[in-house]
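Shown next, in structure tokens, is the structure this report addresses.
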Amino acid sequence: MPDAHYESHEPYINEPPFEEHLEPIETPSMRSNSTDGYVDFPTMESSIQEDEESPVTRMRHTVNQLKIENKALEQELAHVKELLKQKDALLKTRNPSSCPVCFLQFNKDDCKEATVVPCGHVICFECGRKVKSCPTCRSKPVKVIRIFRS
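The UniProt record's numbering puts the sequence shown at residues 1 to 150.
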């Protein structure tokens, strides 16, 4: 014998009509803020502004943040380019008898001349003890040997 639950294919007779289950849709009311009779009708813009978490708002916020970050990065890039220009100008005016790291004159200013092994580039002894790579060719120094000139 089939279940009583599945016997009837008719709509439920004792149930209220479907429309009674629906809640009324609330629309924004007209607002009259002035005494001259003008009425503010709700606009699409005001409904978007009310919904601050909309995808469009989040996307605009993200775009604005990226614009700010991009501007900061462009300023930093311009600063780095300026520093590179200054470095290149210093290297062009550099005296070959000075240290490429501290720019002190060899055998003056208490700057002792030394060479980096294995590449043989010249650097001052103090800077040679501190660097982890040759400032000229970037090779790893095995040791730094002081140069004595007569």
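Beta carbons: idealized from backbone N, C-alpha and C, even for Gly.
Keep in mind it's a predicted model, so treat the numbers as computed, not measured.
- By the Cβ rule, the segment 80 to 93 does not count as touching the segment 104 to 117, because fewer than three pairs are nearer than 8 angstroms.
- When Cβ pairs closer than 8 angstroms are counted between the two stretches, the segment 50 to 70 is seen not to touch the segment 89 to 103, the count staying below three.
- Beta-bridge partners assigned by DSSP to ALA114: ILE123 and ARG146.
- With 16 or more other CB atoms across the displayed protein chains lying within 10 angstroms of its CB, GLY128 is buried.
- Counting C-beta atoms within 10 angstroms of its own C-beta, GLU113 has 16 or more neighbours from the protein chains shown and is therefore classed as buried.
- A straight line joining the alpha-carbon of THR115 with that of LYS143 spans about 9 angstroms.
- Going by DSSP, VAL63 is part of the alpha helix (DSSP H) stretching over 55 to 93.
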